[in-house]
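Remarks on the structure that follows.
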Amino acid sequence: MVSLGELRSMESTVKSRVKFINRTDKEIEIFWINFSGQEISYGTLHAPPSRLSVVAINTFVTHPWIVRDCESRQRLWLNSKEVFYPPQPRVRRVGRVAIRPDREQLRVERANIFITKPVFNAETLMDMCCCRVSKTMTLQEVDNLPLPNFIKTEIRRHYDSP
0 MVSLGELRSM ESTVKSRVKF INRTDKEIEI FWINFSGQEI SYGTLHAPPS
50 RLSVVAINTF VTHPWIVRDC ESRQRLWLNS KEVFYPPQPR VRRVGRVAIR
100 PDREQLRVER ANIFITKPVF NAETLMDMCC CRVSKTMTLQ EVDNLPLPNF
150 IKTEIRRHYD SP
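Residue numbering for the sequence shown follows numbering that gives the first Met the number 0, starting at 0 and increasing by one per position.
Structure representation (structure tokens):
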């Protein structure tokens, strides 16, 4: 997992228009990571099919965003990533300007950002579980657990690592 301590917004003049779309069955909260690395809430989104499951935000390409489940506080994914950085703006031609036919009319498109629950492979899940157990139990408690020895060995490795 990406540590939030490393994340910060950087100065930027490149604007990006995004639309956050909640694809989970949970109420979620959207956070911008500011220039000091603090989470700034931009509100909550309801679970679909509520019309409150989508929000449009204007931001900058160097501003990171994260999302959390309101109940569990678990981080969720934005377009299959833990941390979302807005893309460069996409511009689309929409025709000619009526009063100035020699000029084209352009529109900056809003990027869709799909919020989903994280999906992990078995190795990552095992590592996350062993890490959690090593932070909440003593080695003696681990030895007394009714677990296969290969899992206990994996948990012990987390006690030995820095």
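All residues carry an ideal CB built from backbone N, CA and C; glycine is no exception.
Predicted model only: the values in this text are computed from it and were never measured.
In this structure, the CA atom of residue 135 is about 53 Å from the CA atom of residue 106. Note on residue 21: 16 or more other CB atoms within 10 angstroms of its CB, so buried under the neighbour-count rule. Residues of the same chain with a CB within less than 8 Å of the CB of residue 11, apart from the 5 flanking positions on each side, are 59, 60, 61 and 62 in chain order. Within the same chain, and ignoring the five residues on either side of residue 8 in sequence, the residues whose Cβ sits closer than 8 Å to its Cβ are 31, 32, 33, 34, 59, 61, 62 and 63. Here residue 35 carries a coil assignment [DSSP, helix/strand/coil]. Within its own chain, the residues whose Cβ lies closer than 8 Å to the Cβ of residue 138, once the five positions on either side in sequence are excluded, are 155 and 158, listed in chain order. For residue 145, the number of other beta carbons within 10 angstroms of its own is below 16, and it is reported as exposed.
Of the residues assessed, residue 85 falls on the buried side of the cut-off, its CB having 16 or more other CB atoms within 10 angstroms. Ranking 141, 124, 92 and 42 by CA distance to the CA of residue 65 puts 42 first.
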